[in-house]
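>
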Amino acid sequence: MKEQWKAGVSFGLTSGAITTMGLMVGLHSGTHAKLAVIGGVVTIAVADAFSDALGVHIHEEAENVHSHKEVWVVTLATFLSKFVFSLSFIIPLLFLHLTTAIIVSVIWGLSLVALISAFVAKDQGIRVRPVIAEHVLIALLVVVITHFLGDWINSIFVG
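Right, here's the structure in full:
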């Protein structure tokens, strides 16, 4: 069961951090509206947590190597970690100016990705820094792309 929790939490945390950062940055650059960003985070915390949990559940069933209980453990771990970590991005939005909250949230998200990457690398007995660098670079790529995508959407539909 420990492996199922580890798999679910590592997937949920990583997906939650990267998806939520991308959504926040894109909505911020596209709308500059705090309410839109907060609404997006809450919506993605619920919808994407269920979506990812069901995806993991079906994947685990398709592998046909885990017991029914193990499949449900990884499903629950994925849902809970994705939901909780995605919702954690609300905290800066509630207390800070929108632009500052976005910066703090990106730092928080990249820190989460770096932390889970370090744990995974140590668990596998491989060098930590290259794994962190690879995963943080991918997360940063998502942030940059969604920023420019939000700008583009704004220029087409608002500007």
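19 is the number of the first residue of the sequence shown in our numbering; add one for each residue after it.
Each residue gets a CB set at the ideal place from its N, CA and C atoms; glycine is no exception.
#1: Any contact between the region 82-90 and the region 113-130? By contact I mean 3 or more CB pairs, one from each, below 8 Å.
#2: If I measure Cβ to Cβ from H165 and keep anything under 6 Å in the same chain, skipping five residues before and after, which residues do I get?
#3: Between the region 142-159 and the region 51-69, are three or more C-beta pairs nearer than 8 Å?
#4: E107 lies in the alpha helix (DSSP H); which residues open and close that run?
#5: Closest by CA to T96, which one among D169, L159, L72 and I109?
#6: Note down the Cα distance separating V160 from A136, rounded to an integer number of angstroms.
#7: Round the Cβ separation of V91 and W23 to the nearest angstrom and send it over; I've been treating them as touching at under 8 Å.
#8: So the alpha helix (DSSP H) R147 belongs to, where does it begin and stop?
#9: If you follow the alpha helix (DSSP H) that V14 is in, where does it begin and where does it stop?
#10: Taking the alpha-carbon of W170 as reference, which of L45, E21 and T37 has the nearest alpha-carbon?
#11: Please state whether the Cβ-Cβ distance between A218 and G168 is less than 7 Å.
#12: Do L105 and A51 have their C-beta atoms closer together than 7 Å?
#13: Indicate the three-state DSSP secondary structure (helix, strand or coil) for H46 in the structure shown.
#14: Should S99 go down as buried or exposed, given a rule of 16 or more other Cβ atoms within 10 Å for buried?
#15: Nearest to F103 by CA position, among D141, M39 and A139, is which residue?
#16: Can you check whether the CB of V59 is closer than 7 Å to the CB of F107?
According to the structure shown:
#1: no
#2: Your numbering for residue 165 matches position 147 in the sequence shown. Excluding residues within five positions, the ones whose Cβ falls inside 6 Å are V43 and S47.
#3: Verdict: no, contact absent.
#4: Taking the sequence shown and counting its residues from 1, the one referred to as residue 107 is at position 89. The sequence shown places Phe at residue 107, rather than the Glu named in the question. Careful: F107 lies outside any alpha helix (DSSP H) and carries neither H nor E.
#5: For the purposes of this step, residue 96 is taken as the residue at position 78 of the sequence shown. Looking at the Cα atoms, L72 is the closest of the given residues.
#6: In the sequence shown, the residue the question calls residue 160 occupies position 142. In the sequence shown, the residue the question calls residue 136 occupies position 118. Going by the C-alpha atoms only, they are around 20 Å apart.
#7: For this step, residue 91 is matched to residue 73 along the sequence shown. For this step, residue 23 is matched to residue 5 along the sequence shown. 6 Å between Cβ atoms; contact.
#8: What you label residue 147 is simply residue 129 of the sequence shown in a count that begins at 1. From DSSP, the alpha helix (DSSP H) with R147 extends over V146 to F175.
#9: The shown model of the chain, from 19 to 177, leaves out residue 14, and the question about it has no answer.
#10: Looking up residue 170 in the sequence shown gives position 152. For the residues L45, E21 and T37, the minimum Cα distance to W170 belongs to L45.
#11: The displayed coordinates of the chain run from 19 to 177. Any statement about residue 218 would go beyond what the structure contains.
#12: The count along the sequence shown starts at 1 and reaches residue 105 at position 87. The count along the sequence shown starts at 1 and reaches residue 51 at position 33. The answer is no: Cβ separation not under 7 Å.
#13: For the purposes of this step, residue 46 is identified with residue 28 of the sequence shown, where counting begins at 1. If DSSP states are grouped into helix, strand and coil, H46 belongs with the helices.
#14: By one-based count along the sequence shown, residue 99 stands at place 81. Its Cβ being crowded by 16 or more others within 10 Å, S99 is buried.
#15: Numbered from 1 along the sequence shown, position 85 holds the residue referred to as residue 103. Among D141, M39 and A139, the Cα nearest to that of F103 belongs to M39.
#16: Looking up residue 107 in the sequence shown gives position 89. Looking up residue 59 in the sequence shown gives position 41. Yes.
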